[in-house]
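Visitor:
Numbering (this note's numbering), first residue to last: 78 to 156.
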């Protein structure tokens with residue numbers, strides 16, 4: 078499933094994508110318990126979050142709050 082920025086806040090599950098207004102795509106992959114977060118077409122994660130951890134990520138001049146959960150989910154909302 079693919080979400081858009083207008084859907085925020087969303088909980089992304091494994092294999093789901095968030096397409097921002099400028100076309101940038103945010104996704105995550107499981108890395109053990111951690112969630113490796115990818116922005117755009119990069120194969121290098123910009124950060125890893127462990128369950129219960131949250132961080133703000135600036136993408137194209139906008140802040141997004143990312144929160145990892147124990148279940149396969151990453152919540153993304155405007156930060």
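Even glycine gets a Cβ: it sits at the ideal position worked out from N, Cα and C.
Taking the alpha-carbon positions, what's the residue 144 to residue 113 distance?
Guide: Taking the first residue of the chain shown as position 1, residue 144 is located at position 67. Taking the first residue of the chain shown as position 1, residue 113 is located at position 36. Taking the straight line from one Cα to the other gives about 12 Å.
Visitor: Would you list the residues sitting across from residue 108 in a DSSP beta bridge?
Guide: Here residue 108 corresponds to residue number 31 of the chain shown, with the count starting at 1. Note: residue 108 sits in a beta bridge opposite 111.
Visitor: Rounding to the nearest angstrom, what Cα-Cα distance links residue 122 and residue 131 in this structure?
Guide: As a working mapping, residue 122 is identified with position 45 in the chain shown. As a working mapping, residue 131 is identified with position 54 in the chain shown. Cα to Cα, residue 122 sits roughly 16 Å from residue 131.
Visitor: Which same chain residues end up closer than 8 Å to residue 137 when comparing Cβ atoms and leaving out the 5 residues on each side of it in sequence?
Guide: Translated into positions along the chain shown, residue 137 becomes position 60. Once the five neighbours on either side are set aside, the close Cβ partners of residue 137 are 97, 99 and 101.
Visitor: Should residue 105 and residue 91 be called a contact, given that it needs their Cβ atoms to be closer than 9 Å?
Guide: For the purposes of this step, residue 105 is taken as residue 28 along the chain shown, with counting starting at 1. For the purposes of this step, residue 91 is taken as residue 14 along the chain shown, with counting starting at 1. Closer than 9 Å, so yes.
Visitor: Locate the beta strand (DSSP E) running through residue 125, then write down its first and last residues.
Guide: By one-based count along the chain shown, residue 125 stands at place 48. Residues 124-126.
Visitor: Please look up how many angstroms separate the CB atoms of residue 140 and residue 125, rounded, as I've assumed it's under 8 Å.
Guide: Within the chain shown, numbered from 1, the residue matching residue 140 stands at position 63. Within the chain shown, numbered from 1, the residue matching residue 125 stands at position 48. That pair is no contact at about 19 Å.
Visitor: Rounded to the nearest angstrom, what separates residue 152 and residue 120 at their Cα positions?
Guide: Position 75 of the chain shown, counted from the start, is the residue given in the question as residue 152. Position 43 of the chain shown, counted from the start, is the residue given in the question as residue 120. Whole-angstrom Cα-Cα distance: 21 Å.
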